[in-house]
Amino acid sequence: MKDYGLLQVYTGSGKGKTTAALGVALRAAGRGAKTVMLSFLKDDPDYGEAMAAQYLPHFLLRQVGRDAFVNFHNPDPIDLKMVRKGWEEAKKILIEDTADLLILDELNIVLATGMLPLEEVIDFLKKYKGKTEIITTGRGAPEELIDIADLVTDMQEIKHYFHKGVSSRDGIDH
Ligand code: ATP
Ligand code: MG
Numbered sequence: 001m002k003d004y005g006l007l008q009v010y011t012g013s014g015k016g017k018t019t020a021a022l023g024v025a026l027r028a029a030g031r032g033a034k035t036v037m038l039s040f041l042k043d044d045p046d047y048g049e050a051m052a053a054q055y056l057p058h059f060l061l062r063q064v065g066r067d068a069f070v071n072f073h074n075p076d077p078i079d080l081k082m083v084r085k086g087w088e089e090a091k092k093i094l095i096e097d098t099a100d101l102l103i104l105d106e107l108n109i110v111l112a113t114g115m116l117p118l119e120e121v122i123d124f125l126k127k128y129k130g131k132t133e134i135i136t137t138g139r140g141a142p143e144e145l146i147d148i149a150d151l152v153t154d155m156q157e158i159k160h161y162f163h164k165g166v167s168s169r170d171g172i173d174h
């Protein structure tokens, strides 16, 4: 896709990171671009975007985690293995140039918690000179990722209904 190929990072503690990335995917679909979204740390069909994927042309969503709580302080080897597999898949897409837009959902937190070696990922992304636009999402994006990104947006929480007891809502939060 013409002009694609930059690295965008959506981070911060406020709501809107994943949904912003999905907004770009919608816009990209309108232009005939092909999007692959790899959702790290997740295996849950009960997400609106997973259900909507079939309606969006050239949009592939793959959850590359498992349906279990991830202990970031002491990650289970299975989770580390799945994260590694997801990253290898991401690299393959970039090397083989099989997507115009690659969304790496929650990669920021994966890097921030050391579930993937930061240096290895930064090195790869730094050298990557392909035509695929990359968006990473998740809280706590490491400085090293912010340094090499072309765009960084920090979603700042001003208010969130969660704090007044409104829990995750279908079609709004998942
Ligand atoms: P969304 O998917 O809605 O764009 P997000 O990607 O910015 O949210 P995540 O850190 O991935 O946020 O967390 C996902 C879930 O947590 C969503 O259901 C979201 O509504 C909720 N959430 C996001 N930010 C907050 C917050 N500051 N306090 C409580 N819940 C939050
Ligand atoms: Mg998210």
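Numbering (full-length UniProt numbering), first residue to last: 1 to 174.
Cβ atoms here follow ideal geometry from the backbone N, Cα and C, with glycine treated the same way.
| What did DSSP end up calling Leu-6 once you bin it into helix, strand or coil? | Leu-6: coil per DSSP, three-state reduction.
| message | Could you tell me which whole beta strand (DSSP E) segments of length 3 or greater appear in the stretch 84 to 139? | response | Secondary structure within the stretch 84 to 139: the beta strand (DSSP E) runs of 3 or more consecutive residues, fully enclosed, are 101 to 105, 133 to 137 (chain order).
| request: Can you tell me the Cβ-Cβ gap for Gly-114 and Leu-38, rounded? I've got them flagged as a contact below 8 Å. | output: Not really, about 19 Å apart at Cβ, beyond 8 Å.
| With a CB to CB cut of under 6 Å and the five nearest residues on each side skipped, what residues in its chain are close to Asn-71? | In its chain, beyond the 5 residues on either side, no residue has a beta carbon closer than 6 Å to the beta carbon of Asn-71.
| For Gly-140, which option in Gly-48, Ala-52, Ala-21, Val-110 has the closest C-alpha, if you only look at C-alpha atoms? | Looking at the Cα atoms, Val-110 is the closest of the given residues.
| message | Taking only three categories from DSSP, how would you classify Val-70? | response | If DSSP states are grouped into helix, strand and coil, Val-70 belongs with coil.
| message | Buried or exposed, going by whether 16 or more other CB atoms sit within 10 Å of the CB of Val-166? | response | Exposed is the call here.
| When the distance is taken between beta carbons, is Gly-12 closer than 8 Å to Gln-156? | Gln-156 places its beta carbon less than 8 Å from that of Gly-12.
| query | What residues does the ligand MG have around it, judged by CB closer than 7 Å to any heavy atom, in chain order? | reply | Qualifying residues, in the order they occur: Lys-17, Thr-18, Asp-105, Glu-106, Thr-137, Gly-138.
| field | Classification of Phe-40 by the beta-carbon crowding that lies within 10 angstroms, buried from 16 upward | value | Buried, by the Cβ-count rule.
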